[in-house]
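Participant:
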Amino acid sequence: MPRIELSIKTEDGVCPASLFTPDAGGTGPWPGVIFFMDGFGIRPSMWQMGQRLADGNYAVLLPDLYYRLGPYAPKIPAQVFSAPNGREELMKLVGSLTRERKVSDVGAFIDCLASRREVKGDRFGATGYCMGGNASLTAAGAFPDRFAAAASFHGGNLASDKADSPHLYVKGIRSRIYVAGAIDDASFPEVQKVRLEHAFAAAGVDHLIETYPALHGFAVPDMPVFDPSAGERHWNTLFKLLREAFAP
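In this text, residue positions in the sequence shown follow the working numbering: the first is 16, and each later residue adds one.
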């Protein structure tokens, strides 16, 4: 696995990150993509997904968004959900990422990609899962000139009633946007889907929102609700989005 360990200087400290390049080798450069982790943090399944994305001929940056909280042991989703206070503790981690922190971090991630010889171009892609889906859309809205495509898979609270909801910051987005929700997902109910659709349409954003017949977490291999069929659909859709966005 051609994974390079990085330390990215941010306004709040140093963020550990991994940079993945195609397993087939080569010197690149390749289009850069930021991979926003889900709420369970960095662990082998995130590395596995980062490498699969890189093998589509991309340079993929996977930052640890929880770096402000210090080192932590890799989390196993099934164990977190079965622990007495597991879900509550997980929500504390997710809640530690305010919009201001996400935007500040994305600026540092962009600078990192722009400085790497493995990366070509000055516009990037973004994809995210669960909490990371929210971060992906936040990045596209905060840096409209730096992203060619952004995707969110089973992302949560994309069009909530809160002041930091991503749907409130879509004006000016120039990237292609793809959002895949899950059925019966409490973090992205139908009312939010409709609200997000209206926000994108009003802002003239090139977008597509779909609902997969799967459960929240369907794309991540170590999730108890991982759905192989939906997972493959997600990969096919993501590669198509990026391929078209970076086409000459």
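A virtual CB, placed ideally from N, CA and C, is assigned to each residue, including glycine.
Here the structure is a predicted model, which means the values were calculated and not measured.
1. Take Met13 as the anchor and find which of Phe162, Met106 and Lys177 has the nearest alpha-carbon.
2. Contact check, Pro46 vs Pro89 under 8 angstroms by CB: the rounded distance?
3. Go ahead and label Leu84 buried or exposed: buried means 16 or more other beta carbons lie within 10 angstroms of its beta carbon, across all protein chains shown.
4. Which class does Thr142 belong to by DSSP, given the choice of helix, strand or coil?
5. Which residue from Lys24, Asp79 and Asp53 puts its Cα closest to that of Ser33?
6. Can you say whether Glu133 is buried or exposed, counting buried as having 16 or more other CB atoms within 10 angstroms of its CB?
7. Is any heavy atom of the ligand MG found at a distance shorter than 6 angstroms from the C-beta of Ala123?
8. Nearest to Ala44 by alpha carbon, out of Asp137, Pro243, Gly170 and Phe168?
9. Between which two residues does the alpha helix (DSSP H) holding Lys208 run?
10. Determine whether the beta carbon atoms of Ser167 and Val194 lie at a separation below 7 angstroms.
11. Assign Val194 to one of three DSSP states: helix, strand, or coil.
12. Could you check if Ile125 is buried or exposed, using at least 16 other CB atoms within 10 Å of its CB as the buried criterion?
13. Could you tell me whether the Cβ atoms of Gly140 and Leu257 are closer together than 7 angstroms?
14. Quick one: is Lys186 buried, meaning 16 or more other Cβ sit within 10 Å of its Cβ, or exposed?
15. Return helix, strand or coil for Phe241, following the three-state DSSP convention.
16. Does the beta-carbon distance from Leu190 to Ala163 come in below 7 angstroms?
17. Would a C-beta distance cut-off of 7 angstroms place Lys208 and Gly219 closer than the cut-off?
18. If we ignore side chains and look at the alpha-carbon of each, how far apart do Ala157 and Ser111 end up?
19. Determine the direct distance from the alpha carbon of Asp237 to that of His231, and round the result to whole angstroms.
20. Suppose you measure from the CA of Arg114 to the CA of Ile23; what does that come to, to the nearest Å?
21. Using alpha carbons as the reference points, say which of Arg116, Leu76 and Asp200 lies closest to Thr142.
22. Taking the alpha carbon of Lys117 as the point to measure from, which residue in Asp27, His222 and Lys255 has its own alpha carbon closest?
Facilitator: So, to answer that:
1. With the chain covering 16 to 263 only, the question about residue 13 has no answer from this structure.
2. Pro46 to Pro89, Cβ: 29 angstroms. No contact.
3. Per the 10 Å Cβ criterion, exposed.
4. strand
5. Asp79
6. buried
7. The ligand MG is absent from the structure shown, which contains no ligands of any kind.
8. Ala is not the amino acid found at residue 44; the sequence shown has Pro there. The residue with the shortest Cα to Cα distance from Pro44 is Asp137.
9. Glu205 to Ala218
10. A contact, by the Cβ cut-off of 7 angstroms.
11. strand
12. Result: buried.
13. yes
14. Lys186 should be labelled exposed.
15. coil
16. Inspection of the sequence shows that residue 190 is occupied by Ser rather than by Leu. In contact: Ser190 and Ala163 (Cβ atoms closer than 7 angstroms).
17. Contact flag unset, no.
18. 19 angstroms
19. 13 angstroms
20. 19 angstroms
21. Leu76
22. With distances taken between Cα atoms, Lys117 lies closest to Asp27.
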